[in-house]
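Residue numbers (our numbering): 20 to 95.
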């Protein structure tokens with residue numbers, strides 16, 4: 020990636036979109052660069068973002084969820 024997530028996060032604390040208050044081609048480019056065509060990852064991130072950090076910290080695997088995915092390995 021040609022940008023750093025922290026830099027983007029810092030910029031987005033001051034404004035809702037990369038270039039200001041309306042989405043631009045730059046927003047679309049960075050979104051595509053970050054997520055690509057990974058629709059499921061986008062949906063997962065959106066769902067997880069609905070929880071406060073304190074709520075996410077308390078999420079526990081329940082027996083109904085089945086297999087523990089905490090030891091899944093991902094390619095970098």
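C-beta atoms are modelled at their ideal positions from N, C-alpha and C, and glycine is treated no differently.
From a predicted model like this one, the values you see are computed outputs, not experimental measurements.
Can you grab the Cα-Cα spacing for the pair residue 46 / residue 63, in whole Å? Rounded to whole angstroms, the separation of the alpha carbons of residue 63 and residue 46 is 20 angstroms.
Measure how close the beta-carbons of residue 31 and residue 49 come, nearest whole angstrom, since I'm counting them as under 8 angstroms. With a beta-carbon spacing of about 10 angstroms, residue 31 and residue 49 fall beyond the 8 angstroms limit used to define contacts.
Since residue 1 is in the alpha helix (DSSP H), which residue starts that stretch and which ends it? Since the first and last residues shown for the chain are 20 and 95, residue 1 lies out of range.
Using a Cβ-Cβ cutoff of less than 6 angstroms, which residues in the same chain neighbour residue 78 once the five nearest sequence positions on both sides are dropped? Same-chain partners within the cutoff: there are none.
In the DSSP output, which residue or residues are listed as bridge partners for residue 39? Residue 39 pairs with 36.
If I follow the unbroken alpha helix (DSSP H) through residue 69, where does it start and stop? In the DSSP assignment, residue 69 falls outside any alpha helix (DSSP H), carrying neither H nor E.
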